[in-house]
Structures are given as C-alpha cells and as structure tokens.
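Numbering (full-length UniProt numbering), first residue to last: 1 to 251.
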C-alpha cells in the first residue's frame, strides 16, 4: 500500500442546488467557464493536480502547502471579481478546505483521513472563504503575506479527534500577480491600446510630412538640358517613401 504526505484541497460551490434551481443553464455555463479560464490554470500554475471532480466540486493535491494556500486565495479573490456583475443571489461562491496529511494512494486517487479532514474543513469554511488545518497554518504562517483567524478545535464527522482550524483572512492578502484581469483592468487594457494607436498615428503623420521632399529652389545656375533627340530621358522625380509601418500588412 503506497502512502505519501500531501496537501489536499477540497473545494465545493456553496448552495449549488439552489443556483441550479434558479438558472440551471446559466450556473452550469459559468462554472465551466470559471474552471476553464481561472481554476484549472491556477492549479497548474501552482503545481497542483486535480485528483477528481465531484459534480460542483474539486479534489486537488499539492506537494507544497504554501502553493496550495496561495492558489486557493488567488482563486477566491479572482472568482469574486468575475462574479461581481451577477446578481448577488445568483453568484457562484466556493468554500475551500485545506489539510496537510498522510494519504493512501490507489491508482490516481487518494484516500484516508488526510482527505476526509480537508472535506470537513470545507464545510466549516464561510461562503467565499478558506478554512485550513493547523498543520497547514504552521507551514504557511511565515511564508505568505496573510493573516489567520484561530477558530479553535472543531469536532468533525467521522474524525476521532478534534481538528484545530483557522480561517484565512483574504482581506489581508494581495496576490503577487492576478490570475485574470479584474473588471477595471478589462476596460483599462483596450483604453491603453487605443491611446497607443492614437500616439503612433500622430507620430507617423509627423514623420510622413517631415520626410516629404520640399520643392527644389530655383537658382541662377543653368544646367545643360538632355539631348532628347538621341533618346536621352529626363530625371523622374522620386515619390516620398512611406514609413515602414504604413507598408506592413495588418496582422
């Protein structure tokens, strides 16, 4: 029997049955979009592995408790922003529980108390929040810029001993780099691109005019005209060259 020490993350949508009752297709579509654009990339970024999906929830393992908590915190913050345009009673919120413990490996699944404790911590988490065990808190307390609220020892179902729990204070944490643009960043980016195009257009117009040759001045010097009778040709006036960015085909 193979065993290993891992960090287990259990995540579940709060009130999913109610959300399905209100708007089945909309809730399912948004959850899929969040997984594709936010949750799965975050898990990969922080070195996690999705053990299995549980309908509206996920079971994920991480080698590092620091990366597990960082990933969970960034997902919760980004998800809250992504759901902000939705009416509050229809928003998707996760509860997340995290535990560091010994598990039994069976094929690609993980079993045992280490998993069960993470699942129980998830039920103790507030809506949109994260609840972690003491074993996780001890590993991350000096490594992540966030605070924790001691919830004391909690008796949880099917676990013989009480579990010391902590609430992650998400309001004290700022991600190093957002996983997805916030609502404000979503309109700032197009605005910045538009402003850049205006500046480049103005600069190009100035360069175009600056590079146009002026009319040659008339002087008192008389130049010999070419002999047209012998097939000579007069010098053609060269048109100003278009700057390089004018001639490029759009990409």
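All C-beta atoms in this analysis are idealised placements derived from N, C-alpha and C, irrespective of residue type, glycine included.
Per-residue DSSP class, three states only, for residue i
| i | result |
| --- | --- |
| residue 123 | helix |
| residue 135 | helix |
| residue 11 | strand |
| residue 83 | coil |
| residue 89 | helix |
| residue 104 | strand |
| residue 50 | strand |
| residue 55 | coil |
| residue 116 | helix |
| residue 226 | Bear in mind that a pLDDT of 41 at residue 226, under 50, signals an unreliable position, so the number given afterwards is only what the model happens to contain. Coil, per DSSP. |
| residue 147 | strand |
| residue 3 | strand |
Exposure of residue i, with buried meaning 16 or more beta-carbon neighbours within 10 Å
| i | result |
| --- | --- |
| residue 5 | exposed |
| residue 55 | exposed |
| residue 127 | exposed |
| residue 133 | buried |
| residue 158 | exposed |
| residue 68 | buried |
| residue 172 | exposed |
Expected contact under 8 Å - CB spacing of residue i and residue j to nearest Å
| i | j | result |
| --- | --- | --- |
| residue 170 | residue 129 | 7 Å |
Cross-strand partners of residue i (DSSP beta bridge)
| i | result |
| --- | --- |
| residue 99 | 8 |
| residue 165 | 133 and 152 |
| residue 110 | 105 |
| residue 60 | 9 and 50 |
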